[in-house]
Amino acid sequence: MSNTRIKYSLNKVNVIFSVIISLIFLFTSADIRAEDNDPLEPINRAIFEFNEVVDENIFKPVAEGYKYITPDPVETGVSNFLSNIGEISTIANDVLQLKFGQAGHDTARFALNSTLGIFGIFDVATAVGLKKNKEDFGQTLGFWGIPNGPYLVLPFLGPSSFRDGPSLIVDYQMSPVEQLHHEERQGLQAIDAVDARAKLLRATKILDAAAKDKYIFIRESYLQRRESLVRDGENTEEFEIDVQEVDY
C-alpha cells in the first residue's frame, strides 16, 4: 500500500474557509441590508491584521530577497511564464461569457507565446499587438448577473467576496498546474506566490504612505476593480492607486 500524501493546497483550504463563512452568514444574517458590502467587517479586520503580520514577517521578506537576487530579465521571464499558464483559465472564461472574439484573441496570444515565446518566457504576443486580457470564474458569474455579495478577507490570500472566494476553486481546476504531480504543483504555486508578492512591493510602499485606513483603502479598491473587470471597464470609477487586487 502506497504512502498517503497530504494533497490539500493553501488555495483549496481558503476556498473551503470562504464557503463555510458564506454558509454561516447566510443562515444567521437574513436581514443584512443589500447596500452594506462589508457586514463581516470585525471578522474581516481580524483576518486582515493576521495577514499583515504574516506578510510583514514572511511573505514580504521572501519577496524582497527574491527580487534582490534575481536578475530583472529572469524575473520578467518567470512572470511571463506564469502569466502564460493563466491564459488557459482566461480562455475558458471568455467562452463561458460568450466572448468568442476575445477567446480567439487570447488563444492566439497563448499559442504565440507558447511557441515563439518559448513556453511563455518571452511575451511575443504583446510585442505584436495582442494585449493580455484577464478573466476568471468570479467575473463569469458577475457576467451572468450573480452579485458580488459581501466583502470577505481570506487568510493568506487577502481580499475577496462571497462570489469570488468560492469561484477560486473553479479557476484552480481549470489551470494545467492542477494536473501536475504534488511536488511540481506545490513548487509552481510557491513560485507564483513569491512572484506575485514581489510585483506588489512598490504598491505596498505607496499604500503604506497614502492610506489613512489601509483596510478600507484595499477593500474599496478591490471592490471597484472587480466591478470594473466584470463590466470590462464600462461605467466604473477610477481608483487613486491601482493595488492590483492585493494578495498576501
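Everything in the sequence shown is counted per our numbering, starting at -1 for the first residue and increasing by one. Glycine residues also receive a C-beta, built at the ideal position from the N, C-alpha and C atoms. All of these numbers come straight from a predicted model, not from anything done at the bench.
Nearest residue (CA-CA) to residue i, options the options
i	options	result
T88	K58, A123, P148, T105	T105
L96	V126, F141, H180	F141
E85	K58, L110, I67, Q222	L110
F46	S158, Y64, G185, G63	S158
V168	L186, T124, I189, F135	F135
L221	A188, G185, G75, G163	G163
S226	T202, N146, E181	N146
A188	A125, V76, I144, T124	V76
Cβ-heavy atom distance, residue i to the ligand ATP, below 8 Å
i	result
F117	Ligands are entirely absent from the displayed structure, and the ligand ATP is therefore not among its contents.
Short Cβ contact (9 Å threshold) for residue i with residue j
i	j	result
R183	V192	no
R200	Q137	no
L254	S165	Missing from the structure shown is residue 254; the chain here goes from -1 to 246 and no further.
K197	D206	no
K130	R107	yes
F154	V52	yes
G156	N55	no
Residues that residue i bridges to, as DSSP identifies them
i	result
S156	Correcting the residue type first, residue 156 is Gly in the shown sequence and not Ser. Note: G156 sits in a beta bridge opposite L152.
Same chain, Cβ closer than 7 Å to residue i, five either side skipped, listed in chain order
i	result
G231	none
R43	Y213
D92	Q100, A101, D104, E133
L94	T138
D29	Caution is warranted here: a pLDDT of 42 is assigned to D29, below 50, making its placement in the model unreliable, and the coordinate value is therefore given only provisionally. Correct list: empty, nothing qualifies.
F25	The predicted model places F25 with a pLDDT of 42, which falls under 50 and marks its position as unreliable, so this point remains unresolved.
Y64	V192, A196
E181	none
A125	none
Cβ neighbours of residue i in the same chain (closer than 6 Å, five flanking residues each side left out)
i	result
A90	M172
R217	Y149
I22	Any reading at I22 needs caution, since the residue's pLDDT is 48, under 50, leaving its predicted position unreliable; the model's value is listed next. Result list for I22: empty, nothing under 6 Å.
I239	The predicted model places I239 with a pLDDT of 48, which falls under 50 and marks its position as unreliable, so this point remains unresolved.
V228	Q137, G140
A209	F215
D249	Coverage of the chain is limited to positions -1 through 246, which leaves residue 249 absent and any answer about it impossible.
L186	V175
I144	R161
T202	none
Cβ shell of residue i (< 8 Å), same chain only, five flanking positions each side left out
i	result
V60	V192, R195
S112	N82, G118
V122	L110, N111, L114, G115
D34	P148
>> Under 8 Å, with one C-beta from each stretch per pair, do the segment 68 to 86 and the segment 110 to 121 reach the 3-pair mark?
In response: By the criterion of at least three beta-carbon pairs nearer than 8 Å, the segment 68 to 86 is in contact with the segment 110 to 121.
> How do the segment 67 to 78 and the segment 91 to 107 stand: do at least 3 beta-carbon pairs fall below 8 Å, yes or no?
Replying inline: The answer is no - the segment 91 to 107 does not touch the segment 67 to 78, with fewer than three Cβ pairs under 8 Å.
>> I want to know whether the segment 143 to 162 touches the segment 34 to 44 - three or more CB-CB distances under 8 Å.
In response: Flag = yes, the segment 143 to 162 and the segment 34 to 44 touch.
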